[in-house]
Amino acid sequence: MSSSSAHTQPCVAVIGGGPAGLMAAEVIAARGMQVELFDAMPSVGRKFLMAGKGGMNITHSEPIEAFVARYAERRAQLAPLIQAFGPQQLRDWIHALGIDTFVGSSGRVFPTDMKAAPLLRAWLHRLREAGVVIHVRHRWQGDIEARQSAAGRRYTLGFATPEGVRTIEADAVVLALGGASWARLGSDGAWLPWLQQHGVDIAALQAANCGFDAGWSEHLRERFAGEAVKAVTASCIDAHGYTHTRQGEFVVTENGVEGGLIYALSALLREQINEQGQATLFLDLAPGKALARVMAEVDHPRGSRSMSSHLQSRVGIKGVKMALLRECLPTEDFADAGKLAAGIKALPVKLLAPRPLDEVISTAGGVRFEALDEQLMLTALPGVFCAGEMLDWEAPTGGYLLTACFASARRAGEGVLDFMQRAGLRK
Numbered sequence: 001m002s003s004s005s006a007h008t009q010p011c012v013a014v015i016g017g018g019p020a021g022l023m024a025a026e027v028i029a030a031r032g033m034q035v036e037l038f039d040a041m042p043s044v045g046r047k048f049l050m051a052g053k054g055g056m057n058i059t060h061s062e063p064i065e066a067f068v069a070r071y072a073e074r075r076a077q078l079a080p081l082i083q084a085f086g087p088q089q090l091r092d093w094i095h096a097l098g099i100d101t102f103v104g105s106s107g108r109v110f111p112t113d114m115k116a117a118p119l120l121r122a123w124l125h126r127l128r129e130a131g132v133v134i135h136v137r138h139r140w141q142g143d144i145e146a147r148q149s150a151a152g153r154r155y156t157l158g159f160a161t162p163e164g165v166r167t168i169e170a171d172a173v174v175l176a177l178g179g180a181s182w183a184r185l186g187s188d189g190a191w192l193p194w195l196q197q198h199g200v201d202i203a204a205l206q207a208a209n210c211g212f213d214a215g216w217s218e219h220l221r222e223r224f225a226g227e228a229v230k231a232v233t234a235s236c237i238d239a240h241g242y243t244h245t246r247q248g249e250f251v252v253t254e255n256g257v258e259g260g261l262i263y264a265l266s267a268l269l270r271e272q273i274n275e276q277g278q279a280t281l282f283l284d285l286a287p288g289k290a291l292a293r294v295m296a297e298v299d300h301p302r303g304s305r306s307m308s309s310h311l312q313s314r315v316g317i318k319g320v321k322m323a324l325l326r327e328c329l330p331t332e333d334f335a336d337a338g339k340l341a342a343g344i345k346a347l348p349v350k351l352l353a354p355r356p357l358d359e360v361i362s363t364a365g366g367v368r369f370e371a372l373d374e375q376l377m378l379t380a381l382p383g384v385f386c387a388g389e390m391l392d393w394e395a396p397t398g399g400y401l402l403t404a405c406f407a408s409a410r411r412a413g414e415g416v417l418d419f420m421q422r423a424g425l426r427k
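This is the structure in structure tokens:
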């Protein structure tokens, strides 16, 4: 069964009910425009709520220049958006919803209660009061047909609903469809071929903020999967020969490695795998000790003690750290104090592949900025705007992902308003 929505006033369709879609809807509705938001899931903001389960890290408090540098190759495109609606503006916006925030010891910013649900509830209440109509269980089918009438250009969109196919018409469209991580929460990347059919330039989606497969031995998988490796330093070398180093902790998984320390280097490791077929992560298992000291401790006579007991007492290497040392160093290196000390200070861990897209925190790739104008409108589809994670950028965890989603959505929403004004559809 097919139905059509007839609009007596200009209407904007927002497709996607994550943070970017909701923010774009708010900006547009605040100017009195009719906004209808569509989401495939039974409720909106599902990935937003999932992200808040471990503590809702909304943004970061570091200086703006350091903040925008986190976006690496897309810094030039994202910096103007974030300078217009950055960490402080985002905190002010949250405060206006009646939610207080605080800065943690790491500089990350959280709601006072650390939860996403109260923020989302307050936000949805404000959106509904502004007149935003939210349609759930409406899955966009990828059709976006332009029709020219006396009133101007209008788009027809088709949605699969529990009651059948529904078509609606809109004078402008915001696409905020996310990437392809955590598909069960709504972002499945199905939109890529649809936009490519319209000539939109898109970079293939890739894993970001992800774990990696390492091809562990059966012994390591069975004995140490799930173990945290704490107080280590990790480094990798980029294509230009520059060494990037981070300190923290990670988890040994059945397949390989994951966790904050790994995520911080994941973009570099992924690119190394893309170029070379594998990547090497170097682990300093004793970051508080200089190489010379470690060598002296390793070379100390161990008498009748086992190598494991010797390294535990002299260097503090035990448990999962000892298992990694056994896994990644050749057996003969344990008989050479110099090679063993070097392995403890720079243990080479071979990584074979990023984890599948559906498991990762976020995805890189998407609609290239070169396919958009400065207001994030698709040049191939005038009146259609894109925002959020479906754009071709990536950033580390720490509040940078959400901040860019909000900032790009603000710009897209403002772009819609300018477009509607130029089209004579608003004053």
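Using full-length UniProt numbering, the letters of the sequence shown map in sequence onto residues 1 to 427. Virtual Cβ for every residue (Gly too), placed ideally from N, Cα, C.
Within the 8 Å Cβ cut-off, does residue i reach chain B?
i                 : result
phenylalanine 406 : Absent from the structure is chain B; it holds one protein chain and no more.
Residue i to residue j, Cα distance in whole Å?
i                 : j                 : result
isoleucine 15     : proline 118       : 23 Å
alanine 204       : tryptophan 393    : 11 Å
cysteine 210      : glycine 248       : 16 Å
alanine 13        : proline 63        : 36 Å
glutamine 272     : alanine 30        : 45 Å
threonine 156     : histidine 240     : 48 Å
phenylalanine 250 : valine 320        : 11 Å
threonine 379     : leucine 347       : 49 Å
lysine 339        : leucine 357       : 37 Å
serine 2          : leucine 175       : For serine 2, the pLDDT reaches just 37, beneath the cut-off of 50, and the residue's location in the model is therefore unreliable, leaving the point undetermined.
serine 308        : valine 109        : 42 Å
methionine 114    : isoleucine 58     : 10 Å
valine 315        : alanine 234       : 18 Å
tryptophan 182    : methionine 50     : 10 Å
alanine 225       : alanine 337       : 29 Å
tryptophan 93     : arginine 126      : 12 Å
methionine 33     : glutamine 276     : 51 Å
tyrosine 242      : phenylalanine 282 : 13 Å
aspartate 143     : phenylalanine 406 : 26 Å
glycine 199       : glycine 383       : 15 Å
Is residue i helix, strand or coil by DSSP?
i                : result
glutamate 36     : strand
phenylalanine 48 : helix
threonine 253    : coil
glutamine 9      : coil
threonine 167    : strand
tyrosine 155     : strand
alanine 160      : strand
alanine 290      : coil
isoleucine 58    : coil
serine 266       : helix
aspartate 336    : coil
valine 174       : strand
valine 133       : strand
leucine 97       : coil
glutamine 148    : strand
tryptophan 123   : helix
aspartate 188    : coil
aspartate 284    : strand
arginine 108     : strand
Can you tell me whether residue i is buried or exposed, with buried defined as 16 or more other CB within 10 angstroms of its CB?
i              : result
arginine 154   : buried
arginine 128   : exposed
serine 304     : exposed
histidine 138  : buried
glutamate 297  : buried
alanine 412    : buried
valine 165     : exposed
leucine 417    : buried
glycine 189    : buried
asparagine 274 : exposed
residue 498    : With the chain covering only 1 through 427, there is no way to say anything about residue 498.
glutamate 145  : exposed
arginine 355   : buried
residue 432    : Lying before the first or after the last residue shown, residue 432 is absent from the chain, which here runs from 1 to 427.
Looking only at its own chain, which residues have a Cβ that is under 6 Å from the Cβ of residue i, when we skip the five neighbours before and after it?
i             : result
aspartate 213 : Asn255, Gly256, Leu352, Ala353
leucine 425   : Pro10, Asp171
valine 103    : Ser61, Val109
leucine 401   : Ser362, Ala395
glutamine 77  : Phe369
arginine 302  : His310
Note down, in chain order, each residue of its chain lying with its Cβ closer than 7 Å to the Cβ of residue i, except the 5 sequence neighbours on either side.
i             : result
glycine 98    : Ala122
aspartate 238 : His244, Leu268
lysine 318    : Gln312
glycine 120   : Note on residue identity: the sequence assigns leucine, not glycine, to residue 120. Around leucine 120: Gly45, Phe48, Leu49.
arginine 75   : Val68, Ala69
Within its chain, find whatever has a CB closer than 8 Å to the CB of residue i; leave out the 5 residues flanking it on each side and keep chain order.
i            : result
arginine 410 : Met23, Ala24, Val27, Leu81, Ala84, Phe85
alanine 6    : Any reading at alanine 6 must be qualified, since the residue scores a pLDDT of 46, below 50, and its modelled position is unreliable; the value itself is stated next. Answer for alanine 6: Glu169, listed in chain order.
Shorter than 7 Å, the distance from the beta carbon of residue i to the closest heavy atom of the ligand MN, or not?
i            : result
aspartate 39 : With respect to the ligand MN, the structure shown offers nothing to examine, as it has no ligands at all.
* Start-end ranges of the alpha helix (DSSP H) lying completely within the region 374-424, minimum 4 residues -> 400-422
* Output the residue ranges of the beta strand (DSSP E) runs that lie fully inside the region 198-239 and measure 3 residues or longer, sorted by chain position. => 202-208, 228-237
* To do: Return the chain-ordered ranges of every beta strand (DSSP E) run that is complete within the region 307-374 and spans a minimum of 3 residues.
  => 347-351, 362-367
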